[in-house]
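Colleague: As they're listed, the protein sequences go chains A and B.
Just so we're aligned, residue 192 is where the first sequence starts under the working numbering, counting upward by one.
Just so we're aligned, residue 10 is where the second sequence starts under the working numbering, counting upward by one.
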Amino acid sequence: MTVPAYVVGICMGFIYAAFLVCIIGTLAKLGRYIRAPTHLRWELYPVPHEKAYFAVRDEIPMLRGSFAQFYHGGLAEELKEMLPEMLFLVRVFRYRRRIWFFSLAMHDGIYLILAWFVLLLIDAITRLAGIPVYAFSPNPWGAFIAWLTIITGIVGGFAIAVGTVGLFIFRLADRGMREYATFREYFNLAFIFTVVITALVAVCTYVWNYMCANGFTFKNLVDALFGNHQGVFYEAMMQMLALITFDPSKLAGLTFVTSPLMLAHQILFCLFLLYYPFSKMVHGPAKYVSYHLVNWDDKPHQEGPLHYNYWGIIKIKER
Amino acid sequence: MSMSSEEKKVSELPGTPPGAKRRRVLGIGLFTEDEYVKYKQTVPPTLKDVDLSLDGYSALGLPENVPPEKEKEWKEKFLSGLKKLLDPEKNWTFYRPFILTWEYCARCQTCAEACPIYLASGKKEIYRPTYRLEILQRIYRRYFTWYGKIPFLRKLMKADIELDARVIKQLAELSYRCTQCRRCALYCPLGLDQGLVDREIRKLFSQELGIHAKELHELGTEQQLRVGSSTGMTPKAFLKIVKFLEEMIREKTGLNIKIPVDEKGADYLLIHNAGEYLSWPENPAAFAILFELAGVSYTLSSEPVGYDAVNYGVWYNDIQLYKVAKKHFEIARKLEVKAILIGECGHAWKAILTAERVIPKEERVPFTDVLIVMDDIIRRKKLNLDPNRNNFPVTLHDPCNKARKGGIVEEPRRIIRAVVPEEQFREMEPHGYYNYCCGGGSGFAIMHPYNFDEWKMKYASYYKVKQILEAFKDVLHKDVPKYVCAPCSNCKGELRDMIAYYGLWEKYKITYGGLVELVVNAIADIPPFLELEFH
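(1) Could you give the uninterrupted runs of the alpha helix (DSSP H) lying entirely in the region 338–385 of chain B, keeping only those of 4 residues or more?
(2) So B:T188 and B:S451 are in contact, right, with Cβ under 8 Å, and what is the actual spacing, rounded?
(3) Comparing alpha-carbon positions, which option in A:D299, A:I313 and A:E269 lies nearest A:F349?
(4) Any residues in the region 96–118 of chain B with a beta carbon nearer than 9 Å to a beta carbon of chain A? Which ones, in chain order?
(5) Looking at the C-beta of A:M368, does it have a partner C-beta in chain B at a distance below 8 Å?
(6) Am I right that B:W324 and B:K501 are in contact with their C-beta atoms under 8 Å? What's the rounded C-beta distance?
(7) Can you name the residues of chain B whose CB is closer than 8 Å to the CB of A:Y482?
(8) If you draw a straight line from the C-alpha of B:K473 to the C-alpha of B:G448, how long is it?
(9) Ends of the beta strand (DSSP E) at B:C494?
(10) So with CB distances below 7 Å, who are the chain A contacts of B:Y442?
(11) What in chain B is Cβ-close to A:F374, meaning under 8 Å?
(12) Quick one: does A:Y302 have its CB under 8 Å from some CB of chain B?
(13) What would DSSP say about B:V270, mapped onto helix, strand or coil?
(14) Check the Cβ of A:M297 against every Cβ in chain B and list those closer than 8 Å, keeping chain order.
(15) How should B:D534 be labelled, buried or exposed, when 16 other C-beta atoms within 10 angstroms of its C-beta is the threshold for buried?
(16) Does B:K92 get closer than 8 Å to chain A when you measure Cβ to Cβ?
(17) Could you give the C-beta distance for B:N410 and B:G355, rounded to a whole number, given that I count them as a contact under 8 Å?
(18) According to DSSP, is B:P72 part of a helix, a strand, or is it coil?
(19) Quick one: Cα of A:R318 to Cα of A:W332, how far?
(20) When you compare each of A:R366, A:A381, A:F335 and A:R375 to A:F357 by their alpha carbons, which one comes out closest?
(21) If you scan the region 201–265 of chain A from start to end, which runs of the alpha helix (DSSP H) of 4 or more residues do you find wholly inside it?
(22) In terms of residues, what are the limits of the alpha helix (DSSP H) holding B:I417?
(23) Sorted by chain position, which residues of the same chain lie with C-beta nearer than 7 Å to B:C193's C-beta, five sequence neighbours on each side aside?
(24) Is B:K550 near A:I251, with beta carbons less than 8 Å apart?
(25) According to DSSP, which residues form a beta bridge with B:F434?
(26) Please name the residue in B:D64, B:D43, B:E73 and B:E44 whose C-alpha comes closest to that of B:K57.
(27) Considering Cα atoms alone, identify which of B:E540, B:I386, B:L228 and B:M466 is closest to B:S630.
(28) Below 8 Å, how does it come out for the region 307–322 of chain A and the region 364–380 of chain A: are there three or more Cβ pairs, yes or no?
(29) Can you list, in chain order, the residues of its chain whose CB lies under 8 Å from that of A:A364, leaving out five sequence neighbours each side?
(30) From the beta carbon of B:Y175, is the nearest beta carbon of chain A less than 8 Å away?
(31) Could you tell me which chain A residues have their CB closer than 7 Å to the CB of B:R191, listed as they occur along the chain?
(32) Determine, for A:V485, whether the minimum Cβ-Cβ distance to residues of chain B falls below 8 Å.
(33) Tell me, please, whether the CB atom of A:I251 is closer than 8 Å to any CB atom in chain B?
(34) Between the region 96–104 of chain B and the region 137–152 of chain B, do at least 3 Cβ pairs fall closer than 8 Å?
(35) In the region 451–496 of chain B, which residue ranges form an unbroken alpha helix (DSSP H) of at least 4 residues, counting only runs that do not cross its ends?
(36) Do three or more CB pairs link the region 277–294 of chain B to the region 233–247 of chain B at distances below 8 Å?
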């Protein structure tokens, strides 16, 4: 079954719009927190970039220099704390191991899919440069990047599916989580799952049909995934090419990405992008604010209070 | 007795006890209506008119019966206060951290594993760290969202808490069931803070409805601003106590020390928690000895508020926080000191850190903590120390406000290593940034109303008692006196209560005290200073 070309065109326009809204919406959301009035200091130690509580002591002449030997910190210390937290959910692993596996699967799955988009971009650029990109490409870089795309995409997709189902079940099964979960939390998980499962079903169906037609061999399996001029990842790469060159004609002859199920997937994905900045899921970027601007703030030198109005009750002084 | 609260199915509420599907509860608390009526029959007459419907205890003494007009007023003010909490201008002081927790708490419940009160209660739902936020948000959704206005959507969207006097009272009480130790925030994968939510609820009640613990407000900040100290100590009484301290030092050590008061141009303005002068005078006396022998230039102040470092505003009210901090900075500028020095008082340290940004830059004075200065003195080897003077088992309790909330963890350990024999010092587990609160945090140490002490001992202090006993498990024998070192007045107050309540002195000879006492006791040039007793 094929879809009329104008539908494909509209879908492509929708992708641009959703992408833009998602980026702008997320930045606006972050901007809201970053531009919010400077709150009172409310750190939570240990603060990785300020281990010896250096800042306050240094302004006192009697203590100047006394604590320099204990000072070790900086951006590297922050990253040492933050990166494992982001990539492996260290706190969840330490303190709530029961949900860790599924939580990790979902979050790292999302990171992998983000990486997958970047890989598709690299695929597309490599192809623009005239290097053949597919699994059995004679060019080593073309082959390497193709395999990386296949693995990242498949592992990421399945990880998200497993993670969201697991977390959904945990929300229902764990009393503490069930009683506190709102409809929205289930909806978010179900939404992510639906976006991913439509793509996975489409991919599996395509691969199955291809192999049924051409025989169940490893080569056919790989060709169905990322062959030369065919395969799901090949078509995804071509779509990325069409998107970055603003050229819908690149989609001509593609059957997988223009199939009804994949169009449904793309529309769902766009809806997800539109929804994301306005949902709780934007907690990823918001985590930057909660750690760097609140818990690890630790800035004693500030230009006085910017606001003098307390609770709409007393005005202390106008600057 | 009026039961103003609309009955709700237990399963609709997060307070659901396991296997209690079809029971009905009263508001957001622990009791069913029948249970509450029965419970009230068992309480002493003084508690008959007090609302105990949250969990059978009362910290605020709110009345059982609330007239309808008062209920209406409370309800209106509560909702307007809730709106203000979410307003970046009106609540600029804590909007940013609060809104992050408000918007992004995913209820993964990781924080529950961190909360000593929740764990000590046998995981009672109402003490779960996220419970307060949950209740607040259900009220918010009920009154401020479109779906909260549509009855059949309320349950699905968890917008199902009707605000009435009972719920308001219970939520106010509930905000006094958290010590704001912020251990939960340390566990939170998103860096969010349920301790702050507790503080903001108290703030809403205090700033909008005028509901606060009288020990924190009327007898606390208000009295401090009016008389000079939350203990009620006047400047005259303070000067008398200083004379008494000089006498005490002379008797104990033979040293003739003149404690400097109101001396202009000193390096430090030393401000103790005024409770020290009344309950633990050996603590300020020890500082007088230490600073004299180490040659530290400092002064005390006899101006009202200048001799009391406490600032209870940090627990419940931004306006009071500002007023008290302003006085501290004002007095320091008047005395032309180079820095304010906070004594062994945890929350005073946190308060001055927090309040710094409400003081205009030109009115500020640098500040530091005595643990930092003591560490500096010891590392500069200004004293002749003999650790064998403290030859008894010692453990260190990290005050949350100094450690997790104030960044001071290594300093007291370096000090202890210099003044206590190595084999005698033992750590509690966990310690440092991950320590458990003594149970006296957020003002609990000074709050003894109604039957609240029982709640504190059973729930808030339970984990600390357990930790102390574990730290001393190899030396529990009665012949060996043991010392819990707590460089914080409120922690000491709570330790005093828990040692008495659990009989730790009679059974195990466990006592408590500050850190400077150990330091002064180790100074080889003067007679021993410390007496291991429990009063």
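Cβ atoms here follow ideal geometry from the backbone N, Cα and C, with glycine treated the same way.
Modeller: Looking at the atomic coordinates:
(1) 355–364
(2) The beta-carbon separation of B:T188 and B:S451, rounded to 5 Å, stays under the 8 Å limit for a contact.
(3) Selected option, being the one with the closest Cα: A:D299.
(4) D96, P97, E98, K99, N100, W101, T102, F103, Y104, R105, P106, F107, I108, L109, T110, E112, Y113, C114, A115, R116, C117 and Q118
(5) yes
(6) The pair is not a contact, with the Cβ atoms about 17 Å apart (cut-off 8 Å).
(7) Those are G200, listed as they occur along chain B.
(8) 7 Å
(9) K491 to C494
(10) Per Cβ cutoff of 7 Å: Y236 and P237.
(11) For A:F374, the chain B residues whose C-beta falls within less than 8 Å of its own C-beta are L165, M166 and K167, listed in chain order.
(12) no
(13) In the structure shown, the three-state DSSP call for B:V270 is strand.
(14) Here the premise fails: no neighbours, minimum Cβ distance about 12 Å.
(15) Looking at its Cβ environment, which holds fewer than 16 other Cβ atoms inside 10 Å, B:D534 is exposed.
(16) By this cut-off, B:K92 is not an interface position.
(17) The Cβ separation is near 3 Å, so the contact holds.
(18) strand
(19) 11 Å
(20) The question names Phe, but residue 357 of chain A is Gly in the sequence shown. Among A:R366, A:A381, A:F335 and A:R375, the Cα nearest to that of A:G357 is on A:A381.
(21) 245–249
(22) Segment: none, B:I417 is in no alpha helix (DSSP H) and carries neither H nor E.
(23) Taken in chain order, the residues that qualify are C120, A123, C124, P138, Q203 and G204.
(24) Outside the shown range of chain B, which is 10 to 544, sits residue 550 of chain B, and nothing can be said about it.
(25) Bridge partners of B:F434: B:V403.
(26) For the residues B:D64, B:D43, B:E73 and B:E44, the minimum Cα distance to B:K57 belongs to B:E73.
(27) No answer is possible for residue 630 of chain B: it lies beyond the span of chain B, which begins at 10 and ends at 544.
(28) no
(29) In the same chain as A:A364, and ignoring 5 residues on each side of it, no C-beta atom comes closer than 8 Å to its own.
(30) Strictly speaking, residue 175 of chain B in this sequence is Arg, with Tyr absent from that position. Output row for B:R175: interface = no.
(31) L235
(32) Interface residue (Cβ-Cβ distance to chain B less than 8 Å): A:V485 is classified as such.
(33) It does: the Cβ of A:I251 has a partner Cβ on chain B nearer than 8 Å.
(34) With the cut-off at 8 Å, the region 96–104 of chain B and the region 137–152 of chain B do not touch.
(35) 461–464 and 471–480
(36) yes
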